[in-house]
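S.K.:
Numbering (my numbering), first residue to last: 3 to 1076.
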C-alpha cells in the first residue's frame, strides 16, 4: 500500500445510511487526511442518505448534489452550478449496509496489515485499501468526472495493469474476474468484443452467466468502480430538479418530493446497456431494485422513463482486469475469519501482547491489549479487545470489542468457531455495551425453520432444548425468523441495570446465568444492535486501545533496544491529543534506566521528537540549535551529577513552561537533545575502563618527548563508529594510516619545565612554522573552559585534565598539583599540516599524539589501545562527540579493521589486516588525495545523524547495517588484494555516507567527482563529507598529473590541490629525545 494518495481528488464524499454516523465517519476521513493518506487540498464530505433504503443510485445522486453544492459555494456562486464539475475529480464512496462482524461497518473494518512506511501510524481498513487501489492504480489518468464505488469489498489490481483514457467518452465500469458459481449470487457484465456493455446479469442462471465468459474462463463481476465523465455527471446533477428523481436528494425531500429508491447498477447503468429496449427497461421486473408493479410502481416507471430520456445513448464500456481479485465482505462469519487469517496478513497488528508465546502464528490479534496468558489458536482472531488471562481462544473463533478482567475470564469458556462481540449502542440517552454471540458457521439470514439453519453452529432445536427458550420469545408475528432478527441478546435488567458479558452472552454459551434472568431482561436482535451502534463510542474505544497498546509497545521497544522507528507512533499520538500520556511514559522509561544510559539517552531524544511533532512540521524553527538556556541549568546539572531520576523529573517540570508555542516547543526539543547528549557522553565515558597507564622512567626536565602521526583515510564503514550507533548497533570500519606528500602531518611534543605552570602551544602549518597560539595556565581558573570545544587551547587543556596531569576542579591550586606530582610545570606543543576540516581525522589523531607526549614526559607508559579509548573519553568531555575511527586510523599503522560491539562499556578492537606487500605497493601507486577547497566541520552533521539514529528512521537503520557489511567486504577486498573490489567499496561507502548525512556533497564536489569518474575505480570524500579531502583509487597508477589536468579543465571548482598518498605502516611514532 502506498503511503499517500497519488491522484489529486477535488472532493471525496463518503455516504452512510445512519445520520448518527456522519460526525464519526467525517472525523475518520479527516484523520486520514491529517496522516497524509489523502491530499490536504481535497474537500472531504460525509453525507447521510436522506432516507434509509434510498438505493445506491439515489445515494449517488444525493452525494453528487452535496459535492456540487459545496464546490459552488467555494467558487462564490449562490446557486448550484454544473460549471464546478468542469475540472473536478470527485470520488463518491458508499458505505452500504451494516456488517455483522464489525460495528463500524465494512469500510472501517480493520485488517491485519501493518505498513512500516507509514509517516503517521494508523490502521489499515478496507476503506484505506480501497482508497489506495483507486488513487494509485485505477483512477490515475482519468479525465474530470465522478468516480463511484462501494466500500463493501476489497479490490486487488495487478500492478502491471494500466488503463488508457484516450478519446474516452461516456461511462466506464471496472470488472474483475470471478467463477460462474460465485457470480450466480452476484452480478456480471455482458459485453461485446469492443467492451461495450450489452446487459447486466444479476443472479442469473448459469447458462445466462456463461454467455459473459472471458478468454481466461472467468466472468466479469460487477466489481464496484464506475466512472462518469464530466458531461454525464452534469446530466446526473440535473436529477435534483427533475421529478420524480429529485426524491432521491435531500433538496428534493426538503422541497416536499416523495422519497424514491433507485439502483445505481440496475437502474442507472442498465438504461445504458445496448441490448435493452425502452419498454424492457422501464417496465421490466428485475431482482435487486424497486419493482414497477410495487407500491411505488408509478414513481418507479416515471423515474426510469426520465433516466432513459437523459442518459440513453451514452456509451457504457467495460474494462476487464485479468488477474484481479474481488472479495466481497459477505454475511458469513467463517468467510470473514478466513479473510483475516489468510496468508500474507500479520499475526499482531497495532497490539500489545504480554505473552507472545501464547499466540500461534496462524492466529491474528488486531488492535488489542492482551495481559497474562491469553492463548490464541490458529485460524482465530481477537480484535479491539483488552483481555486479562487466563483465556483460551479456540480455532475458528472471533472475539471483538471485549474488555475482560482476569476474574471474568474464568467464566469465558469457548468452543471452536464461536464469535463473541461487544457493541457500543445508544438507546435514546442511554449508552450501553451489548454482547452478542454467534457461530462462525451460522447463516444469519436463513430461516430458523430451515433444516440447515443453526445458532452457535448447532441446530435451533438443540439450542431451544438446552436453554428452555421458546421460538415465540425470539420473534414476533410477521418477523423473518432468521438469526439476524432473533431477539436473543440481553441488554438491560429492569432491576439490575446493564447486562454484562457473564450475564448475557456467557449464559447463551452454556455458562453462568438462568433462563429467568434472560427472560426478564430487555433484549435486542443483532440487526437491532447494529442499527443502534454508537459510532463515536465504538471508534473511541478502538482509539483508546490503539493508544494504550502504542504506549506499551513504546515501552517494550525502548527497553528492549528495538531498531523500529517510533516516530510514526509519536505522530499518531500527538495527532490524537495523547501527548501528555506519551510524555509521561517516556519520562518513566528514562528515569528508570539508570542501568542503561543508552536507553535513557534515546528516551530524552524521543521526547525531543514528540515536542517537535507538537510544534508541527516546518514550524517553530530548526531543530538544531543552542541548548544552554539557564532555565534548564538545574536539570542539566542533576544529570551531570549522575542523578538520573531527579534530572528527568526536573526536565519534565521545566518542559511544562515551553509547551504554548511552536518556537518554544522547538527550543525545548533542543534542550532535551542536549540532555540526551549529557547521558550519551556519560555512556561513552565508560570507554575509560579500557585505558591502562603504567609507570616509566621520567626524562630530565627540559627534555622534549616528541611524537608524530599519519593521517587516516576511511575506506568503508564510517559513521558506524559514531556513538550511539557504535554501541547500540555495533560498528565496523576499515581505514588506513597515510602520509600526505611524504610527511606525517600531525604531531605533538611535551617537556617538563621548572616553573609550576602549563604552557600550551598549538600550531597550524607545522611545529616550526605557520601560526602558533600560546596559552599559559597559572591557575586552575585558566582551565575552566577545557570542556568548551571552541575555547582557545581547548583540546590541549582537555588532555591535561583527562590524562591526570592535573585535577579539575580541585581544592589544590594548579601550582601545588604540578609541584607535588611532577616537580614543576609542563609545556605542550601540537601541530598539524592539514587544513581545518580536512576530513582526515586530524583532531582525534592530534589528541592521541598529545596524550602520548604528555604521558611520556611525565614518566607514564601506555599502549595504543589505551590511547584510542582515552581519546574517546576526551571527546565526550569536549562535547564534540564523534566516533573512534579517526584515532584508530592515525594511531595504528597500515590497513586495519576496527570493530565495536553493540554493548556498553564501549570497547574498540583493532585487527591489522594481513595485506600483501604487492597490494601495499599498488595502493601507494593508485591512491591520491584532492583537497576540494571546501571545509565543513563533522559536528555540523553529527547532530542530525544522531537524531536520525535515535528516531530509528528505517533508511538510517538499514544503512547502518549496510555500513558494517561494506566494511567487512572492504576488509576481504584488501586481504584478497583486489583493487576492483576495493573501488566498489569506496563508491558504496560514499553513497552510504550521503544517506547518513544528506547535504554532505557540495555542488562543486559533485562536479569534481563527475569529472574524475572515468579515471577512478572508486572515490569518496574523507570523513563525514561536506568538504575537505577527496580520495581517489585510480584505474591507472601514478595519475597525479592526469587528475590535475582534468580538474584544471573543469570549470567552477575553485581552489583545489592534488596530493600524493603513502601508506604509513607504523602509526604513532615516538621520535628520539631532543
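Note that beta-carbon positions come from the ideal geometry of N, C-alpha and C, so glycine has one too.
For the 8 Å Cβ check, are there 3 or more pairs between the stretch 88-98 and the stretch 136-147?
M.R.: Contact between the stretch 88-98 and the stretch 136-147 is present, because at least three Cβ pairs lie under 8 Å.
S.K.: Grab the span of the alpha helix (DSSP H) containing residue 854 for me, first residue to last.
M.R.: Segment 844-859, the alpha helix (DSSP H) holding residue 854.
S.K.: At what residues does the alpha helix (DSSP H) containing residue 45 begin and finish?
M.R.: Counting along the chain, residue 45 falls outside any alpha helix (DSSP H), though it belongs to the beta strand (DSSP E) covering 45-50.
S.K.: Which residue marks the beginning of the alpha helix (DSSP H) containing residue 1066, and which one marks its end?
M.R.: Per DSSP, residue 1066 belongs to no alpha helix (DSSP H) and is neither H nor E.
S.K.: Measuring straight from C-alpha to C-alpha, what distance separates residue 631 and residue 945?
M.R.: Taking the straight line from one Cα to the other gives about 18 Å.
S.K.: Would you check if the stretch 747-760 and the stretch 817-836 touch, i.e. whether three or more CB-CB distances between them fall below 8 Å?
M.R.: A contact exists between the stretch 817-836 and the stretch 747-760.
S.K.: Which residue spans inside the stretch 153-207 form an unbroken beta strand (DSSP E) run of at least 3?
M.R.: List check, beta strand (DSSP E) in window: 155-158, 173-180, 189-193, 199-204.
S.K.: For residue 141, does the count of other Cβ atoms within 10 angstroms reach 16, so buried, or fall short, so exposed?
M.R.: So residue 141 ends up on the buried side.
S.K.: Give a yes or no on contact between the stretch 419-439 and the stretch 530-540, applying the rule of three or more CB pairs nearer than 8 Å.
M.R.: Yes: the two stretches touch, three or more of their Cβ pairs being nearer than 8 Å.
S.K.: Do you know how far the Cα of residue 252 is from the Cα of residue 79?
M.R.: Taking the straight line from one Cα to the other gives about 20 Å.
S.K.: Tell me whether residue 237 sits in a helix, a strand or coil according to DSSP, three-state version.
M.R.: Three-state DSSP puts residue 237 in a helix.
S.K.: If we ignore side chains and look at the alpha-carbon of each, how far apart do residue 246 and residue 262 end up?
M.R.: One C-alpha to the other measures close to 7 Å.
S.K.: Report the option in 177, 659, 1053 whose CA atom is closest to the CA atom of residue 223.
M.R.: Nearest option by C-alpha distance: 177.
S.K.: In the DSSP assignment, find the alpha helix (DSSP H) that holds residue 509 and state where it starts and stops.
M.R.: 507-510 is the extent of the alpha helix (DSSP H) around residue 509.
S.K.: Quick check on the burial criterion: 16 or more other C-beta atoms within 10 angstroms. Buried or exposed for residue 822?
M.R.: So residue 822 ends up on the exposed side.
S.K.: CB-CB under 8 Å to residue 310, same chain, minus the five flanking residues each way: which ones, in chain order?
M.R.: Answer for residue 310: 273, 280, 283, 284, listed in chain order.
S.K.: Do residue 342 and residue 366 count as a contact pair if the criterion is CB distance below 7 Å?
M.R.: The answer is yes: Cβ separation under 7 Å.
S.K.: Please name the residue, chosen from 294, 506, 985, 288, that lies closest to residue 436 on a Cα-to-Cα basis.
M.R.: When only C-alpha atoms are compared, the closest one is 506.
S.K.: On the DSSP bridge assignment, give the partners of residue 72 in chain order.
M.R.: Partner(s): none; residue 72 has no beta bridge.
S.K.: Taking the alpha carbon of residue 1044 as the reference point, which residue from 162, 1059, 1054, 1030 has its own alpha carbon closest?
M.R.: Closest by alpha carbon: 1059.
S.K.: Whole alpha helix (DSSP H) runs in the stretch 585-641 with 4 or more residues, listed along the chain?
M.R.: Qualifying alpha helix (DSSP H) stretches, in chain order: 599-617.
S.K.: Among 204, 983, 93, 68, whose alpha-carbon lies nearest the alpha-carbon of residue 1103?
M.R.: Residue numbering for the chain in the displayed model covers 3 to 1076; residue 1103 lies beyond these limits and cannot be assessed.
S.K.: Let me know if residue 348 comes out buried or exposed under the rule of 16 or more other beta-carbons within 10 Å of its beta-carbon.
M.R.: Under this definition residue 348 is an exposed residue.
S.K.: Can you say whether residue 75 is buried or exposed, counting buried as having 16 or more other CB atoms within 10 angstroms of its CB?
M.R.: The residue is exposed, with fewer than 16 neighbouring Cβ atoms inside 10 Å.
S.K.: Compare the C-alpha of residue 963 against each of 356, 933, 735, 212 and name the closest.
M.R.: For the residues 356, 933, 735, 212, the minimum Cα distance to residue 963 belongs to 735.
S.K.: If you draw a straight line from the C-alpha of residue 810 to the C-alpha of residue 742, how long is it?
M.R.: Their Cα atoms are separated by approximately 37 Å.
S.K.: For the stretch 677-691 against the stretch 717-728, do three or more pairs of beta-carbon atoms, one drawn from each stretch, fall closer than 8 Å, so that the two count as touching?
M.R.: They touch, by the three-pair rule.
S.K.: Checking the sheet assignment: what are the DSSP bridge partners for residue 253?
M.R.: For residue 253, which the question treats as bridged, DSSP gives no partner whatsoever.
S.K.: For residue 492, which beta-bridge partners are listed by DSSP?
M.R.: Answer is 525.
S.K.: Please report how far the alpha carbon of residue 17 lies from the alpha carbon of residue 28, in whole angstroms.
M.R.: Going by the C-alpha atoms only, they are around 10 Å apart.
S.K.: Cα separation between residue 888 and residue 758?
M.R.: Straight-line Cα distance between these residues: approximately 33 Å.
S.K.: What is the DSSP secondary structure of residue 687, counted as helix, strand or coil?
M.R.: Note: residue 687 maps to helix in three-state DSSP.
S.K.: Quick one, which of 417, 357, 397 has its alpha-carbon nearest residue 390's?
M.R.: It is 357 whose Cα lies nearest to the Cα of residue 390.
S.K.: Classify residue 504 as helix, strand or coil using the three-state DSSP reduction.
M.R.: Reduced to three states, the DSSP call for residue 504 is coil.
S.K.: I'd like the list of long-range same chain contacts for residue 208, defined as Cβ closer than 7 Å, with 5 residues on each side in sequence excluded.
M.R.: Taken in chain order, the residues that qualify are 182, 186.
S.K.: Using a Cβ-Cβ cutoff of less than 7 Å, which residues in the same chain neighbour residue 214 once the five nearest sequence positions on both sides are dropped?
M.R.: Within the same chain, residue 214 has close Cβ partners 190, 191, 192, 203, 221, 222.
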